[in-house]
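See below for the structure under consideration.
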DNA sequence: CAACTGTTTGCTTTTGACTATAACACTGCA
DNA sequence: TGCAGTGTTATAGTCAAAAGCAAACAGTTG
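Protein chains in written order, with my numbering: chain F, 39 to 159; chain G, 39 to 159.
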């Protein structure tokens with residue numbers, strides 16, 4: 039289970055840590071029951087602060103993807119369904135593109151609905 | 039051509055200015071050849087700084103949506119209609135990904151809606 | 001017990017967004 | 001031509017969020 043970041047990216051480091059774990063989960067590189075490396079370990083490896091890593095881990099906990107308890111490393115929960123994650127990732131990417139194209143929420147949803155309909159035939 | 043912002047949003051004001059223009063463009067409210075209000079005017083109306091508005095305008099220039107020259111107000115370029123095409127393309131790509139991930143139409147729309155909502159902030 | 005884990009607290013440093021002010025160079029129009 | 005209005009550039013200050021630093025705490029594991 040490898041966690042990587044890009045210090046040059048404007049995205050907050052903690053978000054990148056969480057995104058890195060989500061990506062591993064979505065690609066099947068990590069599965070429920072697996073454990074994440076310890077926050078201190080990740081912090082030392084990446085050359086960032088312990089708090090920053092933990093903030094990323096806590097994002098994942100808030101999303102129900104991992105379970106955190108002191109004394110133990112983070113564990114990937116059973117409910118971390120790969121397909122749903124992939125769907126959420128695709129939706130996130132689409133939302134970003136739609137908003138950047140200047141679409142309102144309604145317009146973006148309408149465009150998605152039409153694309154889904156024409157694709158089902 | 040109206041430009042609006044939400045001071046309570048965590049999104050940078052300059053980005054909001056640019057997004058507001060893109061939205062007008064995507065919805066057909068603004069068309070190629072139209073001119074944007076002067077940056078000083080917008081800044082005074084919205085109660086924000088001239089630089090902030092200009093930074094938003096420069097984003098649009100970098101995207102090729104408007105043309106900026108000193109002495110004249112910004113002009114919407116001819117190729118600026120392609121934003122709508124981009125939305126349709128993005129929607130099609132998302133639909134393909136969602137169906138491939140095994141999502142139903144309702145699930146795909148729900149995922150898109152949530153992504154749009156969480157991204158609004 | 002010993003060595004690890006996440007948790008919490010308090011503080012400092014850094015970074016970026018935004019503001020403020022001013023001068024500059026170009027355009028459009030009376 | 002004169003002049004008001006435009007975007008451009010430069011410099012500096014303010015503020016909040018992100019990130020870092022340090023230390024103690026409270027669990028788990030072997």
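All C-beta atoms, glycine included, are put in the ideal place defined by N, C-alpha and C.
All of these numbers come straight from a predicted model, not from anything done at the bench.
Need the endpoints of the alpha helix (DSSP H) that residue i sits in, please.
i, result
"residue 12/F", "What the structure shows of chain F is the stretch from 39 to 159, and residue 12/F is not part of that stretch, so it cannot be assessed."
"residue 121/F", "120-138"
"residue 60/F", "51-64"
Grab me the residues of residue i's own chain with a C-beta within less than 7 Å of its C-beta, minus the 5 sequence neighbours each way, in chain order.
i, result
"residue 51/F", "43, 86, 90"
"residue 93/G", "52"
"residue 39/G", "62, 68, 72, 74, 75"
Could you tell me which chain G residues have their CB closer than 8 Å to the CB of residue i, listed as they occur along the chain?
i, result
"residue 116/F", "Near residue 116/F there are no residues of chain G at all, since even the closest Cβ is about 19 Å away, more than 8 Å."
For a contact defined as C-beta to C-beta under 7 Å, what are the partners of residue i on chain G?
i, result
"residue 151/F", "147"
"residue 130/F", "153"
"residue 157/F", "133, 134, 137"
Out of the options, which one is the CA nearest neighbour of residue i?
i, options, result
"residue 134/G", "105/F, 141/F, 151/F", "151/F"
"residue 114/F", "62/F, 70/F, 132/F", "70/F"
"residue 56/F", "102/F, 46/F, 82/F", "102/F"
"residue 65/F", "95/F, 131/F, 121/F", "121/F"
"residue 141/F", "97/G, 59/G, 40/G, 144/G", "59/G"
"residue 137/G", "156/F, 143/F, 67/F, 45/F", "156/F"
"residue 88/F", "77/F, 96/F, 153/F", "77/F"
"residue 4/G", "143/F, 129/F, 118/F", "Lying outside 39 to 159, the shown extent of chain G, residue 4/G is not represented and no answer is given."
"residue 75/F", "127/F, 61/F, 110/F, 54/F", "110/F"
"residue 125/F", "149/G, 112/G, 104/G, 116/G", "149/G"
Does the distance between the C-beta of residue i and the nearest non-hydrogen atom of the ligand FMN fall short of 6 Å?
i, result
"residue 102/F", "Absence of the ligand FMN from the depicted structure is noted, as is the absence of any ligand whatsoever, leaving it without description."
Here's a check: name, in chain order, each residue in its chain whose Cβ is nearer than 6 Å to the Cβ of residue i, leaving out the five neighbours to either side.
i, result
"residue 99/G", "106"
"residue 84/G", "43"
"residue 162/G", "For chain G, the structure presents residues 39 to 159; residue 162/G sits outside this window and is missing."
"residue 146/G", "136"
"residue 97/F", "56"
"residue 54/F", "43"
Starting from residue i, find everything on chain F with Cβ-Cβ shorter than 7 Å and list it in chain order.
i, result
"residue 140/G", "121"
"residue 63/G", "140"
Kindly list, in the order they appear in chain F, the residues whose Cβ is closer than 8 Å to that of residue i.
i, result
"residue 105/G", "The premise fails here: residue 105/G is roughly 18 Å from chain F at the closest Cβ pair, so nothing lies under 8 Å."
"residue 60/G", "138, 139, 140"
When DSSP builds the beta bridges, which residues end up paired with residue i?
i, result
"residue 73/G", "113/G"
"residue 104/G", "114/G"
Would you mind telling me which residues of chain F sit closer than 9 Å to residue i, beta carbon to beta carbon, in chain order?
i, result
"residue 125/G", "135, 136, 139, 140, 141, 145, 146, 149"
"residue 67/G", "Per Cβ cutoff of 9 Å: no residues; residue 67/G is ~10 Å from chain F at best."
"residue 57/G", "137, 138, 140"
CB-CB under 8 Å to residue i, same chain, minus the five flanking residues each way: which ones, in chain order?
i, result
"residue 81/G", "87, 88, 90, 91"
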